[in-house]
Amino acid sequence: MDAFTTHTGVGVPLRRSNVDTDQIIPAVYLKRVTRSGFEDGLFAAWRSDEHFILNQEPFKAGSVLVAGPDFGTGSSREHAVWALMDYGFRVVISSRFADIFRGNSGKQGLVAAQCSQSDVELLWKLLESEPGTPVTVDLTDKTVRAKDLVAPFDIDDYTRWRLLEGLDDIALTLRHEAEISDFEGNRQTWLPTTDPLPAV
Amino acid sequence: MSRTLAEKVWEAHVVRHGSGAEPDLLYIDLHLLHEVTSPQAFDGLRLADRKLRRPDLTIATEDHNVPTVDIDKPIADLVSRTQVETLRRNCAEFGVRLHPMGDFEQGIVHVVGPQLGLTQPGMTVVCGDSHTSTHGAFGALAFGIGTSEVEHVMATQTLPLRPFKTMAINVTGSLGEGVTAKDIILAVIAKIGTGGGQGYVLEYRGEAIETLSMEARMTVCNMSIEAGARAGMIAPDETTFDYIKGRDHAPSGADWDRAVEYWKTLRTDDDATFDAEVTIDANDLTPFVTWGTNPGQGLPLGATVPDPEKIADENERVAAEKALTYMGLEPGTPLRDIRVDTVFLGSCTNGRIEDLRAAADVIKGKHVASGVRMLVVPGSMRVRKQAEDEGLDKVFLDAGAEWRQAGCSMCLGMNPDQLAPGERSASTSNRNFEGRQGKGGRTHLVSPLVAAATAVRGTLSAPADLEN
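From first to last, the protein sequence lines are chains A and B.
Residue -16 is where the first sequence starts when you use the numbering used here, and the numbers rise one by one after that.
Residue 13 is where the second sequence starts when you use the numbering used here, and the numbers rise one by one after that.
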C-alpha cells in the first residue's frame, strides 16, 4: 500500500445520501477474478445518464468525492473501494460511513474522511458554484481545505497511522505469530473443523 | 464485571489486546468462502508466498453466480464460469473443502454453515459477505468482511478489530397471526434507519425473540447489516441446542455436554448495560413491506405510499423523492394496490425450509395470478431435498410457480435470475437498492407469507387478504 500524507485534486459534489455499494459498483461487475480495471463499473447505472456529475467537466477528472450521509452501505464488496480508486479517487468525504466500507477503504489506502454534515454542505455549495475548485485533504493534521474553507475530519488513529506509513496489515499481524499459536493451543476441544482436503 | 453477550464472545477470542489506538487481535473460529470475494485474496496469498493458516477452519460453497436451472450444464456466462472455476482451483490448491454446484450441501453460504452444524454459539464467524450476520442467531459473533480482510484471515486466522458498541433491540409481546420474523426486522430497520446500527452489535432479546425458531432468528439477524450494524446476536437457548444437536459437525458425547454447559453462560448478565437500547412491541406489528430503494423505507402493508413533501429532514425528503421516481410510485397510493410482475421466494434471508413451508401453506390449492411469475429458490440443495420429501415442490408447481435449484438467485443481479428494466418484484430477499435485482428492476421487500399471498392476488397482499 502506498503511503498517504496529503492529496490535492478536483472535488466532486455528490448530493445523495445512502449511496450503497450496489450503486458504487453493481454486482454484474463483480464477476472478475482480477484486482484492477474496475473503473468502468463505478456508478455504472448513474453514469449512463449524461447529466450525472461524473459526466460533467471538470468533475470527470475528480479525485475527492464529497457525498451525503451513510456512504457505502450494504454489501461488503471491496470492489466498491477498488472501483473508486481505479477511477482515480483518493478520498471520500461524508458525514457518516458504513462500517465495512470504512474498513475496506483503510485497507486499500482510500481515505474515508468523516466531516460534519454542515461542512459537507459548505463543500457542496463551493464545488457547485466554482466547479473545479481544488480540494486538499491533509492526513497529518486531519483537515480538508478548499479556498477559504478549512474543515476538520475524523479518522481513527490506527488507520491514520497505517495510511501515513503505508503499512500492510497482514505483516503487522504476523509479528504476533507466537501469540496466535498460543491462543490456538488453548481452544476448546468441541469447536468444529471442516474436513479439509490435502492441498495440492 | 457484568457483560453483554457480545462482550463475552469478544473477550473469549482476544489473542492480544491492542494498546492505545491499536485494535485488539481477534481469533476467527470459522471462515466461510464463496466465489465472488475470494479470488483476489487467494491471489494475494500466492503473491506474498503465504500459506492458508487453517484450512480446517475454512469452508467454501458456490452461490452468487450459479444458475438455478440446468445446473448439470456448464455455466453459460463465461465470466461467471471463470469465477466459479477459479474458486475450484483455489480450493484444490489450498486444501479447502468446497461444496460445488450439484453437491448435496451446496447452497447459499449462510444456509450451508448452520445446516452442517458448523455455526455454533460463542464462535467468531466471518465471510466476505455482509449477510454473515445471519450466524449471530446462534449466539455467535458473525460479521461480513472485505476481500483484504478475507486475505488477512486466510493468512493469520485473526482480524485486528476495535470493539463494537452494543445495542439491545428489545422485542416485547408476541407476534400476531400472519406476522413474522421478517416483519420484526423490517420494522426495526424502519425505526432506527439504515445508519442506526453503525458501530454496534445488535442483541435481539425479549419474549417475541425467545419464541422464534432458529430459521426465524436467522432471518432477523441476517438483516442487521441493513440497519448499518455489522453483527446481530441472539442468546442461545434450548431452541438453539435442539437445532444443532446431531448435525454433521455438532459436538457429541462428553464434548456435547461440555459445550452446552459453556453455551448456557452465553447470556447478557442481568446487570450489564448496553450502549443503546431500542424497544419494539411485537403486538403492534403487522405485515411490513418496503416502498423505496433502501430497506429503511418500509411501512405496514395497510399504509399508503408516503408523500415526500411531508418529510421534514431535507436529506430524507430528497432520498424519498428519488426513490419514488425510481420505483414509479405516486404518493398516496395504497401499498395493497401495487401490482407486481415477479415474486421471488428465497435468499439467505428467507430461503430455509420453514420459509418454504410457510409460503406453501398459503399458496396450497391456489394459483399464481395471471401475468405474474413466481420463483421458488431453496437456500441449499439439502433444503430443496427436504422440501421435496415434504411435497412442497408439488404445491408450488401446482400453483404455477417455478421450482429451482439452490443459489443466491434473484437476490442480486449476478446470475441469470434477474428483473428486466422497469419490472417490479415482491421479494423475500434483503435489499431493495436500485438495480439490485437487475438493472432498472423495482423491489419490494416482503415476508414469505406476503410473497405467497402477493403471488396469488398479483398485488402486494397478506394471507388474510385471500380470505376476503
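Just so you know, even glycine gets a beta-carbon here, dropped at the ideal spot from N, CA and C.
| query | result |
| --- | --- |
| Nearest chain B C-beta to residue 38/A closer than 7 Å, yes or no? | no |
| What does a CB cutoff of less than 7 Å around residue 13/A pick up in its chain, not counting 5 residues either side in sequence? | 60, 62 |
| Would a C-beta distance cut-off of 7 Å place residue 215/B and residue 472/B closer than the cut-off? | no |
| Please state whether the Cβ-Cβ distance between residue 73/B and residue 121/B is less than 7 Å. | yes |
| On the DSSP bridge list, what partners appear for residue 387/B? | 356/B, 414/B |
| I want to know whether the stretch 94 to 101 of chain B touches the stretch 321 to 338 of chain B - three or more CB-CB distances under 8 Å. | no |
| Going by alpha carbons, who is nearest to residue 178/B out of 236/B, 442/B, 258/B, 478/B? | 236/B |
| Below 8 Å on the Cβ atoms is my guess for residue 220/B versus residue 196/B; work out the distance and round it to an integer in Å. | 7 Å |
| In terms of DSSP beta bridges, what is residue 38/B paired with? | 26/B, 171/B |
| So which residues on chain A does residue 469/B lean against when the C-beta distance must stay under 9 Å? | Correct list: empty, because the minimum Cβ distance to chain A is about 29 Å. |
| Between which two residues does the beta strand (DSSP E) holding residue 76/A run? | 74 to 77 |
| Taking residue 182/A as the reference, which of 64/B, 459/B, 403/B has the closest Cα? | 64/B |
| Of the residues that make up the stretch -14 to 4 of chain A, which ones have a beta carbon closer than 8 Å to any beta carbon in chain B? | -2, -1, 0, 1, 3 |
| Excluding the 5 residues flanking residue 14/B on each side, which residues of the same chain have their C-beta closer than 6 Å to its C-beta? | 281, 283, 284 |
| Does residue 8/A have its Cβ less than 7 Å from a Cβ in chain C? | In summary, chain C is missing from the structure at hand, where the protein chains are A and B. |
| Can a CB atom of chain A be found closer than 7 Å to the CB of residue 255/B? | no |
| I'd like to know whether the C-beta of residue 11/A is nearer than 7 Å to at least one C-beta of chain B. | yes |
| What is the C-beta distance between residue 301/B and residue 456/B, in whole angstroms, given that I count them as a contact (C-beta under 8 Å)? | 5 Å |
| Based on Cα-Cα distance, which residue from 382/B, 44/B, 278/B, 411/B lies nearest to residue 388/B? | 411/B |
| Between residue 185/B and the rest of its own chain, which residues show a CB-CB distance below 7 Å, the 5 nearest in sequence each way excluded? | 219, 220, 293, 294, 295 |
| Considering only the beta carbon of each residue, do residue 439/B and residue 123/B sit closer than 7 Å? | no |
| Among 22/A, 105/A, 15/A, whose alpha-carbon lies nearest the alpha-carbon of residue 77/A? | 105/A |
| Just to confirm before moving on: does the CB-CB distance between residue 198/B and residue 310/B stay below 7 Å? | yes |
| Determine, for residue 166/A, whether the minimum Cβ-Cβ distance to residues of chain B falls below 7 Å. | yes |
| At a CB distance below 7 Å, what residues from the stretch 406 to 433 of chain B approach chain A? Give them in sequence order. | 424, 425, 426 |
| When Cβ atoms are compared, which residues of the stretch 15 to 33 of chain B fall closer than 7 Å to chain A? | 27, 28, 33 |
| Between the stretch -5 to 6 of chain A and the stretch 25 to 36 of chain A, can you find at least three pairs of beta-carbon atoms closer than 8 Å? | yes |
| Over what stretch of residues does the beta strand (DSSP E) that includes residue 292/B continue unbroken? | 288 to 293 |
| Does residue 379/B come out as helix, strand or coil in the three-state DSSP assignment? | coil |
| Could you check whether residue 372/B and residue 460/B sit closer than 7 Å to each other, using their CB atoms as the reference points? | no |
| With 16 other CB atoms within 10 Å as the buried threshold, where does residue 116/B fall? | exposed |
| Quick one: does residue 58/A have its CB under 7 Å from some CB of chain B? | yes |
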